[in-house]
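Chemist: Here it is, the structure in full.
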Amino acid sequence: MGRAFEYRKARKFKRWDAMSRTFTKIGREIAMAVKEGGADPESNTRLRTAMQNARGANMPKDRVESAIKRAVSREDGDFEEIVYEGYGPFGVPIVVECTTNNANRTVAMVRMHLTRAGGSLGKTGSLDFLFQRKGVFQIAADKIPNLDEVELDLIDAGASDIEKIEDDIYIYTEFEQFGAMQKALERLGIETVKANVQRIPNTTQELSGEQEEAIMNLIEKFEDEDDVQAVYHNLA
């Protein structure tokens, strides 16, 4: 059928693979939310957030319901959240947030990727001083047609910064204000594309193009792992 067909097929499979990994990660976030606060989204803010993220990622409703049922029955095992910290090549700090039902498997995976890239695994908490934990809410710009009308409400709810990037609006809060902002957005009827707590670097560094490519290759390897929920670094 020709090279063009093979190219389109490869791209389609790559999209499907990326979507599958996204659904797996959201499923694990749902599992942790259920473990923490139960299976009722009305009384479990974290579960409501995970379900909103699922909708933003176009995760089928039956897969969301299945993830909740498996979490209740612990069919997939008892998941736990673990943060691994270390340095990649060129001394770049790397923080890897994981959700796993097998900590031995996961730490071995993280150590392997770091070591192969020329980095090393560090102690938990050793990189805390380099990052701030912030609530980040991504909202499609058309969901807030007049930002000026709700800006004061968002600030009252704890927004420390609001910016528009292309077709999305990003609202940042201090870590402690995440829940308050979640409730404020629900009260205002504003649906999020994604909402989570991220690690924002206090300062950033620049590398050469070749060095940066090596770091991004390492990040991509981590992100391809089902156990990994998020990866943070301080590249500019």
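Residue numbers (numbering that gives the first Met the number 0): 0 to 235. Positions of the beta carbon are idealized from the N, C-alpha and C atoms, including for glycine. Remember, it's a predicted structure, so these values are computed and weren't measured experimentally.
Just the C-alpha distance for F221 and V109, rounded to the nearest angstrom, thanks.
Modeler: The residue given as residue 221 occupies position 222 in the sequence shown. The residue given as residue 109 occupies position 110 in the sequence shown. Straight-line Cα distance between these residues: approximately 8 Å.
Chemist: List the whole-angstrom C-beta distance separating A183 from A156, where the pair is believed to meet the contact cut-off of C-beta under 8 Å.
Modeler: Numbered from its first residue, the sequence shown carries residue 183 at position 184. Numbered from its first residue, the sequence shown carries residue 156 at position 157. Indeed they touch by this definition, with Cβ atoms about 3 Å apart.
Chemist: Express the C-alpha separation of A49 and I93 in angstroms, rounding to a whole number.
Modeler: Within the sequence shown, residue 93 is the residue found at index 94, counting from 1. Within the sequence shown, residue 49 is the residue found at index 50, counting from 1. Spanning the two alpha carbons is a distance of roughly 25 Å.
Chemist: Determine the extent of the beta strand (DSSP E) in which F136 is found, giving its start and end residues.
Modeler: Here the question's residue 136 lines up with position 137 in the sequence shown. 130-139 is the span of the beta strand (DSSP E), which, as asked, contains F136.
Chemist: Under the rule that 16 or more other beta-carbon atoms within 10 Å means buried, what is E64, buried or exposed?
Modeler: For this step, residue 64 is matched to residue 65 along the sequence shown. By the Cβ neighbour-count rule, E64 is exposed, with fewer than 16 other Cβ atoms within 10 Å of its own.
Chemist: DSSP three-state label for N103, please.
Modeler: For the purposes of this step, residue 103 is taken as the residue at position 104 of the sequence shown. The answer is helix: DSSP assigns N103 an H, G or I state.
Chemist: Using 10 angstroms around the beta-carbon of K163, count the other beta-carbons present and answer buried if the total reaches 16, otherwise exposed.
Modeler: The residue labelled residue 163 in the question sits at position 164 within the sequence shown. Burial call: exposed.
Chemist: What are the uninterrupted segments assigned as alpha helix (DSSP H) that are 4 or more residues long and contained completely in the segment 57-114, given in chain order?
Modeler: You should have 60-72.
Chemist: In this structure, how does DSSP classify V149 when only helix, strand and coil are distinguished?
Modeler: Position 150 of the sequence shown, counted from the start, is the residue given in the question as residue 149. Reduced to three states, the DSSP call for V149 is helix.
Chemist: Can you name the residues that DSSP bridges to Q204?
Modeler: One-based indexing of the sequence shown puts residue 204 at position 205. According to DSSP, Q204 bridges with L234.
Chemist: Note the first and the last residue of the continuous alpha helix (DSSP H) segment covering T44.
Modeler: Looking up residue 44 in the sequence shown gives position 45. Element bounds for T44: 44-55.
Chemist: Taking just the CA atoms, how far does I189 sit from T172?
Modeler: Start at 1 with the first residue of the sequence shown, and residue 172 comes out as number 173. Start at 1 with the first residue of the sequence shown, and residue 189 comes out as number 190. The straight-line gap from Cα to Cα measures roughly 16 Å.
Chemist: Could you check whether the segment 207-216 touches the segment 143-158, counting it as contact only if at least three pairs of C-beta atoms, one from each stretch, sit closer than 8 Å?
Modeler: Flag = no, the segment 207-216 and the segment 143-158 do not touch.
Chemist: So who's on the other strand from I170, going by DSSP bridges?
Modeler: Position 171 of the sequence shown, counting from 1, holds the residue named residue 170. Its beta-bridge partners are F136, I161.
Chemist: Determine the direct distance from the alpha carbon of R186 to that of I170, and round the result to whole angstroms.
Modeler: As a working note, residue 170 is residue 171 in the sequence shown. As a working note, residue 186 is residue 187 in the sequence shown. Taking the straight line joining both Cα atoms gives about 16 Å.
Chemist: Check this for me: beta carbons of I29 and I67, under 8 Å apart or not?
Modeler: Here residue 29 is taken as the residue at index 30 of the sequence shown, counted from 1. Here residue 67 is taken as the residue at index 68 of the sequence shown, counted from 1. Less than 8 Å separates the beta-carbon of I29 from that of I67.
Chemist: Could you please give the first and the last residue of the uninterrupted alpha helix (DSSP H) stretch that includes L187?
Modeler: For the purposes of this step, residue 187 is taken as the residue at position 188 of the sequence shown. Counting along the chain, the unbroken alpha helix (DSSP H) around L187 starts and ends at 177-187.
Chemist: Kindly indicate which residue of M18, V95, E219, M180 has the alpha-carbon position closest to the one of P59.
Modeler: Numbered from 1 along the sequence shown, position 60 holds the residue referred to as residue 59. Selected option, being the one with the closest Cα: M18.
Chemist: Should the segment 76-91 be called in touch with the segment 40-54, which here means at least 3 C-beta pairs below 8 Å?
Modeler: no
Chemist: Can you tell me which of the three DSSP states K8 falls into?
Modeler: By 1-based counting over the sequence shown, the position of residue 8 is 9. Residue placement at K8 is flagged as unreliable, the pLDDT there being 39, under the threshold of 50; the coordinate-derived value follows with that caveat. The answer is helix: DSSP assigns K8 an H, G or I state.
Chemist: Measuring alpha carbon to alpha carbon, tell me which residue in F22, R27, I199, E41 is nearest N100.
Modeler: Counting from one through the sequence shown, the residue named residue 100 turns up at place 101. Minimum Cα distance to N100 is reached at R27.
Chemist: Of the residues K142, E74, M180, which one's Cα is nearest the Cα of V135?
Modeler: Taking the sequence shown and counting its residues from 1, one reaches residue 135 at position 136. With distances taken between Cα atoms, V135 lies closest to M180.
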